[in-house]
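Our numbering puts the first residue of the sequence shown at 8, with every later residue one more than the last.
Even glycine gets a Cβ: it sits at the ideal position worked out from N, Cα and C.
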Amino acid sequence: MFYNPALLQRGFKALHNIDWLSALLPPCCTLCREPLMNSAALCGSCWLEIDFATPPFCQSCGLPFEFDLGNQCLQCQHQQPPWTRFSAAVRYTDKSARLITQFKHNQRFTFLPLLAKWLLFASKRLPEPDLIIPMPIHRWRMLNRQFNQAALLAERLAELRGTPELYAPLILQRRGYQKLQRGLNPAERQQNVAGVFHLNPKADSLAGLHVWLVDDVATTGASLHSASKVLIKAGAEVSALVIARVNGAFSKT
Ligand SMILES: [Zn+2]
Ligand SMILES: [Zn+2]
């Protein structure tokens, strides 16, 4: 069966692009439903509760530091992650988690512009990319959820930068239908995604290219780790770029 996730996604996106209820009602805060005078997504008090990722933090995994401890946390000094750089827009707190969860599981596409702007903000810390690649999801999960949240974010980010041609959703693919990472411990997460990513056999060489690998949330870094290794093996240099990073050290590999 011919399967093109980008075309499929475009179709679903067109169907769901308008949140009809939000379009009909007066603007209100996305999180607390406080009425707003304009169409901003968040009210002032919810904005203040978003914990934007600001230094000091580990340059390699984004782990926040209480004091400026230099470029890397102890774990990254001991074992450098496969990606060269890492950037997250916000810390994974109650407020940011609610935004992302509603976007991802309740199809609240009105949040997409806001989340993509956060990604753009986080991407300013990274060197210019040659490609912007979303973390892929399996085709059956795509049919079930109807969209890949990482792909929507990566595509909008590429548009916001004025470089839509860099969006490359077909290069990295996912084989096998794994359990959702949610609810698994770090070791199970690693095992769940080990070897599941592969390059599209039709993709051109990635030798010498700098790739931004985009995902919504980094919890233990297991998926980013596994996917990065595939891109690096194909010759790319990888920067990992996510909306939110869960607090705590990434799991050791
Ligand atoms: Zn609010
Ligand atoms: Zn680190």
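- Three or more Cβ pairs closer than 8 Å define a contact, and the segment 59-69 falls short of that threshold against the segment 107-116.
- A distance criterion of 7 Å places the beta-carbon of Q82 in contact range of ligand 2, judged by its closest non-hydrogen atom.
- In the three-state reduction of the DSSP assignment, R146 falls in the helix class.
- Annotation for Q180: P143, H205, N207 place their beta carbon closer than 6 Å to its own, counting only its chain and skipping 5 residues before and after.
- By the Cβ test, the segment 213-233 is in contact with the segment 134-148, since at least three Cβ pairs between them sit closer than 8 Å.
- Counted as a single uninterrupted DSSP element, the beta strand (DSSP E) harbouring W219 occupies residues 217-225.
- Q180: member of the beta strand (DSSP E) spanning 179-181, first to last residue.
- In the same chain as V221, and ignoring 5 residues on each side of it, the C-beta atoms closer than 8 Å to its own belong to L126, I139, I140, P141, M142, A157, L160, A161, L164, L248, V249, in chain order.
- Setting aside the 5 residues that flank it on each side, S103 is surrounded in the same chain by I57, D58, V97, I250, A251, each with a C-beta closer than 8 Å to its C-beta; the list follows chain order.
- With 16 or more neighbouring CB atoms inside 10 Å of its own CB, G69 falls in the buried class.
- Of P71, T91, L122, E244, the smallest CA-CA separation from W54 is found for L122.
- In chain order, A129, R132, L133, L248 place their CB closer than 6 Å to the CB of S94, counting only its own chain and leaving out the 5 sequence neighbours on each side.
- Within a 10 Å sphere around the beta-carbon of P88 sit 16 or more other beta-carbons, which makes this residue buried.
- Assignment of E56 by DSSP, reduced to helix, strand and coil, places it in the helix class.
- Distances from the alpha-carbon of E172 to those of T117, D137, N155, Q153 put D137 closest.
- Of the residues assessed, L119 falls on the buried side of the cut-off, its CB having 16 or more other CB atoms within 10 angstroms.
- Residue pairing for V97: DSSP places it in a beta bridge opposite F59, A251.
- For the options F257, S212, I107, the alpha carbon positioned closest to that of V237 is the one of S212.
- Straight through space, the alpha carbons of W147 and V203 are spaced by roughly 14 Å.
- Partner residues in the beta bridge of E244, as assigned by DSSP, are H217.
- Of the heavy atoms belonging to ligand 1, at least one sits nearer than 7 Å to the Cβ of S52.
- T226 is not a Cβ neighbour of V245, given a cutoff of 8 Å.
- The beta carbons of L49 and C36 sit about 6 Å from each other, so the pair counts as a contact at 8 Å.
- Judged by beta-carbon spacing, C80 lies beyond the 8 Å limit of A243, meaning their Cβ atoms are not closer than that value.
- The C-alpha of A234 lies about 11 Å from the C-alpha of A241.
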